[in-house]
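A.B. asks: I have a structure here, written as structure tokens, and I will follow up with some questions on it.
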Amino acid sequence: MNTTAYQVRVTGELNDGVTRESAVDAFSKLFKVATETAENIFSKAPVVVKKGIDQPTADKIHKALNNIGVQNTVELAESAQSVQSQTPAENDSASTVERAIEKSANKPPVSRNEPMNLKQEPSGSVEEDQPGFKFKVEGRPDYAFLTVNIPANKTLRVEASAMATMDTNLVMKTKAKGGLGRLLTSESIFINEFTAQNGPGEIGIAPASPGDLAHVYLKGETVFLQNSAFVASDLNVQVETKWQGLTKGFFSGESLFLIRCSGDGDLWFNTYGGMIMLDVDGDYVVDTGNIVAFTEGLDYSITKVGGYKSLFFSGEGFVCRFSGKGKVWIQTRSVQAFTSWMYPFRPVEKKN
11 MNTTAYQVRV TGELNDGVTR ESAVDAFSKL FKVATETAEN IFSKAPVVVK KGIDQPTADK
71 IHKALNNIGV QNTVELAESA QSVQSQTPAE NDSASTVERA IEKSANKPPV SRNEPMNLKQ
131 EPSGSVEEDQ PGFKFKVEGR PDYAFLTVNI PANKTLRVEA SAMATMDTNL VMKTKAKGGL
191 GRLLTSESIF INEFTAQNGP GEIGIAPASP GDLAHVYLKG ETVFLQNSAF VASDLNVQVE
251 TKWQGLTKGF FSGESLFLIR CSGDGDLWFN TYGGMIMLDV DGDYVVDTGN IVAFTEGLDY
311 SITKVGGYKS LFFSGEGFVC RFSGKGKVWI QTRSVQAFTS WMYPFRPVEK KN
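Going left to right, the sequence shown walks through residues 11 to 362 as this note's numbering numbers them.
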């Protein structure tokens, strides 16, 4: 039985507000082809990028291209003679893009019901197969350095003073977060927003403390961070300070505030030292100086280790007791423990 074959043709026209540069960049990234190949396709437009396919597949490719602002048409497939009349270069370019587009169009959509993406890649790897910003982390686990590609007209929220390098087309704005938090904690709550104008741009981010860096992609979830752990996030992630309460704050020796991150999008946070992610189901105890982050749904309370004698003579103090089910990120070193270790080696003026 004969079935009708279709083809998809890129017209060369772009949606309003989409530049040629950003369209080529999005095309090459979305379909994982070289920028030169994508530019070659656009320069030859109108050009067929997929042929001999059924209508459902053609519709998927049509939608994928529309999503990045590239106008295209779905047509009845050309005759074999017409297809053969194309030059070898056109056929090679189209075949390369055909394979890439088909792979991307058939990729299942991300579901909001899926758990947040918690996979950590080796140092220097680029996160290609997940939603959100494309990025890579180098220098881990000792001195993690984050590089993020910001698409045209998109904005990335970054910890104040963490920007190390950036393209010249990125525009920075400084905004305050937390309101009352700054009055009570005397800590910086300023966050910079970097927007890519007139095309995509790249930014390099260096957290203040030496250590590792983690990434999660939130899909409606909430993660609480200790007050110095925030590094960067999507604008769709709501970042706000959360009151711990006087008892929890004073007795933990930490800030009275946590950073509450919720919504949809990328979130990066860092540690002092290495980072370990733990799955908690029930009760679990972590020293307050080793907590980096934890997911919503975990309740916590601050308690002391042993009695007051242990508090003053054992070197152990207050701990956080988690209960419930969720994830906790801990750091392998504590700033307070390190400063205590360094204290005997401090320069001291000798008395005559």
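Glycine is no exception: its CB is placed at the ideal position from the N, C-alpha and C atoms. Note that this is a predicted model, so its numbers are computed, not measured.
#1: Buried or exposed for aspartate 289, going by 16 or more other Cβ atoms inside 10 Å?
#2: Which residues does DSSP pair with methionine 352 in a beta bridge?
#3: Considering only residues of the same chain and omitting the five flanking positions on each side of lysine 252, which have a CB-CB separation below 6 Å?
#4: Let me know if glutamate 359 comes out buried or exposed under the rule of 16 or more other beta-carbons within 10 Å of its beta-carbon.
#5: Specify, as a first and last residue, the run of the beta strand (DSSP E) that glutamine 200 falls within.
#6: In the DSSP assignment, the alpha helix (DSSP H) including glutamate 85 goes from what residue to what residue?
#7: To the nearest angstrom, how far is the alpha carbon of asparagine 77 from that of tyrosine 310?
#8: How would you label alanine 224, buried or exposed, when you count the other beta carbons within 10 angstroms and need 16 or more for buried?
#9: Is glycine 299 helix, strand or coil when you go by DSSP?
#10: According to the neighbour-count rule (16 or more other Cβ atoms, all chains shown, within 10 Å of its Cβ), is threonine 21 buried or exposed?
#11: Starting from serine 53, trace the beta strand (DSSP E) both ways and give me its first and last residue.
#12: Go through its chain and collect everything with a Cβ distance to alanine 36's Cβ below 6 Å, but skip five positions before and after it.
#13: For the alpha helix (DSSP H) containing phenylalanine 328, name the first residue and the last one.
#14: Flag this pair as touching only if the stretch 36-46 and the stretch 63-71 have three or more C-beta atom pairs under 8 Å; answer yes or no.
#15: What do you get for arginine 19, buried or exposed, if any count of 16 or more other CB atoms within 10 angstroms of its CB means buried?
#16: Would you call the stretch 203-212 and the stretch 26-33 touching, i.e. three or more CB-CB distances under 8 Å?
#17: Quick one: what does DSSP say threonine 184 is sitting in, helix, strand or coil?
#18: Answer with buried or exposed for arginine 356, where buried requires no fewer than 16 other C-beta atoms within 10 angstroms of its C-beta.
#19: Along the chain, where does the beta strand (DSSP E) containing aspartate 309 start, and where does it finish?
#20: Between which two residues does the beta strand (DSSP E) harbouring phenylalanine 145 extend?
#21: Between alanine 170 and isoleucine 213, is the Cβ-Cβ spacing less than 9 Å?
#22: Near arginine 331, what residues of its chain come up, given a Cβ to Cβ distance below 6 Å and the 5 sequence neighbours on each side ignored?
#23: Between the beta-carbon of leucine 277 and the beta-carbon of valine 247, is there less than 9 Å?
#24: Rounded to a whole number of angstroms, what is the C-alpha to C-alpha distance between glycine 307 and aspartate 291?
C.D. replies: Looking at the atomic coordinates:
#1: exposed
#2: In the DSSP output, where bridge partners are listed per residue, methionine 352 has none listed.
#3: Leu268, Arg270
#4: exposed
#5: Note that residue 200 is phenylalanine in the sequence shown, not glutamine. That run of the beta strand (DSSP E) goes 200-206.
#6: Segment 80-86 is the beta strand (DSSP E) holding glutamate 85; no alpha helix (DSSP H) there.
#7: Near 43 Å, if we compare the C-alpha coordinates of tyrosine 310 and asparagine 77.
#8: buried
#9: helix
#10: With fewer than 16 other Cβ atoms inside 10 Å of its own Cβ, threonine 21 counts as exposed.
#11: Counting along the chain, serine 53 falls outside any beta strand (DSSP E), though it belongs to the alpha helix (DSSP H) covering 45-53.
#12: Ile78
#13: Where phenylalanine 328 is concerned, there is no enclosing alpha helix (DSSP H), although the beta strand (DSSP E) it sits in stretches over 328-341.
#14: Cβ pair count under 8 Å is below three, so no.
#15: With 16 or more other Cβ atoms inside 10 Å of its own Cβ, arginine 19 counts as buried.
#16: yes
#17: DSSP, read as helix, strand or coil, puts threonine 184 in strand.
#18: exposed
#19: 308-314
#20: 144-148
#21: no
#22: Val295, Ser311, Thr313
#23: yes
#24: 11 Å
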